[in-house]
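According to the numbering used here, the sequence shown holds residues 151 to 579 in order.
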Amino acid sequence: MTLPSTTQNGTSSPDSQEQIKCRIQFVNDIDPFRCSSTNAGLHREPIKPIQCNLQLHRSISEQLPELIKLLRAPHKSGDCCLQVQCSGIKNGDEFASYLDSELTLSEQTEELELLQNEPIHTTLLLRQQPALRVKAIIEKLLYTSGREQRGALFTLKSLFQEDKDLVHAFVQNGGLEALVKLGRGSDQNHQNHILRALGQLMLYVDGMNGVIAHNDTICWLYELLDSPLYDKQNFRSLSTPHVSWYRLVVKTALKLLLVFVEYTEPNSLLFLAAISKVERGKNQPDWCSLMRILNDVQASDHETLVFGMTVINKTLHGVPDQDTYFDAIESLESQGMNDSLATLCKLNNTQLSQQCALYEQELRREDAAIESDTSSLGGGASNGAQNCVAKMRLNGNAVATDRRNQMRKKQLEHEEIMIRQQQNAKKNI
Numbered sequence: 151m152t153l154p155s156t157t158q159n160g161t162s163s164p165d166s167q168e169q170i171k172c173r174i175q176f177v178n179d180i181d182p183f184r185c186s187s188t189n190a191g192l193h194r195e196p197i198k199p200i201q202c203n204l205q206l207h208r209s210i211s212e213q214l215p216e217l218i219k220l221l222r223a224p225h226k227s228g229d230c231c232l233q234v235q236c237s238g239i240k241n242g243d244e245f246a247s248y249l250d251s252e253l254t255l256s257e258q259t260e261e262l263e264l265l266q267n268e269p270i271h272t273t274l275l276l277r278q279q280p281a282l283r284v285k286a287i288i289e290k291l292l293y294t295s296g297r298e299q300r301g302a303l304f305t306l307k308s309l310f311q312e313d314k315d316l317v318h319a320f321v322q323n324g325g326l327e328a329l330v331k332l333g334r335g336s337d338q339n340h341q342n343h344i345l346r347a348l349g350q351l352m353l354y355v356d357g358m359n360g361v362i363a364h365n366d367t368i369c370w371l372y373e374l375l376d377s378p379l380y381d382k383q384n385f386r387s388l389s390t391p392h393v394s395w396y397r398l399v400v401k402t403a404l405k406l407l408l409v410f411v412e413y414t415e416p417n418s419l420l421f422l423a424a425i426s427k428v429e430r431g432k433n434q435p436d437w438c439s440l441m442r443i444l445n446d447v448q449a450s451d452h453e454t455l456v457f458g459m460t461v462i463n464k465t466l467h468g469v470p471d472q473d474t475y476f477d478a479i480e481s482l483e484s485q486g487m488n489d490s491l492a493t494l495c496k497l498n499n500t501q502l503s504q505q506c507a508l509y510e511q512e513l514r515r516e517d518a519a520i521e522s523d524t525s526s527l528g529g530g531a532s533n534g535a536q537n538c539v540a541k542m543r544l545n546g547n548a549v550a551t552d553r554r555n556q557m558r559k560k561q562l563e564h565e566e567i568m569i570r571q572q573q574n575a576k577k578n579i
């Protein structure tokens, strides 16, 4: 590709207005795991970028064969793309968006302005298309074993760190399904590597949105809490390294669940749905796996217990209605939550005590709200009654002594009274 020509007086020729001078390199990422380097960054070739001219009004795809030839890159023109990479403007390297190969550069104004305004700091990278790299990643994860598979899992986190756009392609092309499938059939060492990669993925908006749309990922994270650590018979058979691995799996899974429920309040309902799906599949009450952790303080360190209580508090805080809130409370208390709180507070851990206090504080607040709603029914105001009745669920079948069912009973009785009063009033008229 020729450099732009100039006239004898030094001004640019008309041709220079149809093209832009760029620096270009390539990354041999046909095998994504081969190109990754966690510390040194991507291996770019050649070491010194080559100068080229990119036509402004020809589609990028039409120019790729020429660029491949210029760089002597191993890529196929139908499988590669161009990525804009900036360095030196901020700390480290920042990747901008990929160029759309079907469009011209003039149609991609943001990237064109970057190339024009920061020619020294901006480089074009010829790379394998993200979707094809994801395909290669999934094949490596699912269809290799032993050292090769462990190496791929270890590298996956750095792949997401190096290219945020790969995260979007990963969640859009079955990446989460592959991770969950692999995680369910792997040992704790592999699971820890999967959790590291998943944690990196969830740092990006595209990654978190992918997890939100794929509830099976949350189901798997919750499944990991059901650990042999909390089965005394199985615990005795575990070696010291295995105990450490299991503890790390449980702690990391709790961390990621906490990240998930903290991201946005509606995620609390998605988490509750995952809990119900997992526990009902085992014929266990909701929250059983997490309550086993809180009920066995000897099997976990204090940090894990803090994460466990924080997950509960954040989830309950995001619940939008009283019925769902007290459904969760009933399940927790039926499995010994009150005794667990007393035990946890005796551990003299400040953060843990704060989370326990927060749980009890919020519960008292909800109880007070119920009492306030119930007492307001006696005022005879039909609007107040309708507002309270609108909050209740009519299919409750829990024990009569349950605080929530007592509230419902009073509300239903009051509703019947109000209906009879209205009917009598109509008859009198």
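Beta carbons are placed, not taken as given, at the ideal position from N, Cα and C, and that holds for glycine.
Here I288 is buried: its Cβ has 16 or more other Cβ atoms, across all protein chains shown, within 10 Å. Scanning P416, A319, G357, A423 for the CA closest to the CA of L282 turns up A319. Counting only runs of 4+ residues, the alpha helix (DSSP H) found wholly inside the segment 245-326 occupies 259-267, 280-293, 296-312, 314-322, in chain order. Going by beta carbons, L204 and I170 fall inside the 8 Å limit. V321 and A492 have their alpha carbons spaced roughly 42 Å apart. For the 8 Å CB-CB criterion, I425 and Y380 do not form a contact. Look at Q485 here: in three-state DSSP terms it is coil, with no helix or strand label. Between I462 and L513, the beta carbon gap of about 11 Å keeps them out of contact (Cβ cut-off 8 Å). For S439, the secondary structure class from DSSP, reduced to helix, strand or coil, is helix.
Shown here for R334: same chain residues with a beta carbon closer than 8 Å to its own, the five before and five after excluded, namely W370, E373 in chain order. Scanning its chain for C-beta atoms nearer than 6 Å, with the 5 sequence neighbours on each side dropped, one finds around D436 the residues I425, S426, E429, S481, in chain order. If you ignore the 5 residues before and after T254, its C-beta comes within less than 8 Å of the C-beta of Q205, L206, H207, R208, S209, I210, all in its own chain and listed in chain order. Contact holds between the segment 340-355 and the segment 392-401, because three or more Cβ pairs, one in each stretch, are under 8 Å apart.
By the CB criterion at 8 Å, L497 and T465 fall outside the cutoff. Contact check for P224 and N178: beta-carbon distance about 6 Å, within the 8 Å limit, so the pair qualifies. Sixteen is the threshold: since fewer than 16 other Cβ atoms of the shown chains lie within 10 Å of the Cβ of T414, the residue is exposed. In the displayed model, L192 falls within coil according to three-state DSSP, outside both helix and strand. Taking the Cα of S439 as reference, the smallest distance to any Cα among L375, S394, L406, L502 is reached at L375. Between M441 and Q485, the C-beta spacing is below 8 Å. Around the C-beta of S247, fewer than 16 other C-beta atoms lie within 10 Å, and the residue is accordingly described as exposed. Secondary structure note for V234: its beta strand (DSSP E) is the uninterrupted segment 230-237. The C-beta of V469 has 16 or more other C-beta atoms within 10 Å across all chains shown, which makes the residue buried.
Proximity to E195 across Q213, E212, L217 peaks at L217, based on C-alpha coordinates. Following the DSSP letters along the chain, one finds Q175 inside the beta strand (DSSP E) bounded by residues 169-177.
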